[in-house]
Amino acid sequence: MRMLFFVTGLTCQECADKLEAHIQKMPGVNGAALMVNGRFIIDCDEDRAEEIANEVLTSAPKAQGEVVAKRIQ
50 MRMLFFVTGL
60 TCQECADKLE
70 AHIQKMPGVN
80 GAALMVNGRF
90 IIDCDEDRAE
100 EIANEVLTSA
110 PKAQGEVVAK
120 RIQ
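Residue numbers (this note's numbering): 50 to 122.
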């Protein structure tokens, strides 16, 4: 299953890298890529999708700055 999020407010590449790495380590995640335009694409097992989506939505705001993650697909 592929999920797409739009992440805004990341102020440094290190924060983006940490968020991407954190999600990639989750069980059920087969791949994750956070693009410079804010698109965060995650390929995951369907049975873990809700758990992974919730983690993205709660982890992104912990990054430095005013970070907002919104699921768009």
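Don't be surprised by glycine CBs; every beta carbon is placed ideally from N, CA and C.
Residue i - DSSP class collapsed to helix/strand/coil
i, result
"L68", "helix"
"V56", "strand"
"I101", "helix"
"G114", "Unreliable positioning characterises G114 in this predicted model, as indicated by a pLDDT of 49, which lies under 50. A coordinate reading is not provided."
"D94", "coil"
Residue i versus residue j: straight-line alpha-carbon distance, rounded
i, j, result
"D92", "D66", "17 Å"
"Q113", "E100", "Residue confidence is low: Q113 scores 47 on pLDDT, short of 50, so the model does not pin down where it sits. Its coordinate-derived value is still stated next. Their backbone Cα atoms lie some 23 Å apart in a straight line."
"G123", "T60", "Examination of residue 123 is not possible in this model, given that the chain is present from 50 through 122 alone."
Chain-order list of residues whose beta-carbon lies under 7 Å from that of residue i (same chain, five-residue window excluded)
i, result
"E104", "I72, M75"
Cβ shell of residue i (< 8 Å), same chain only, five flanking positions each side left out
i, result
"E69", "A81, A82, L83, F89"
Whole-angstrom C-beta distance between residue j and residue i, which should lie under 8 Å
i, j, result
"A102", "M52", "6 Å"
"F54", "R120", "5 Å"
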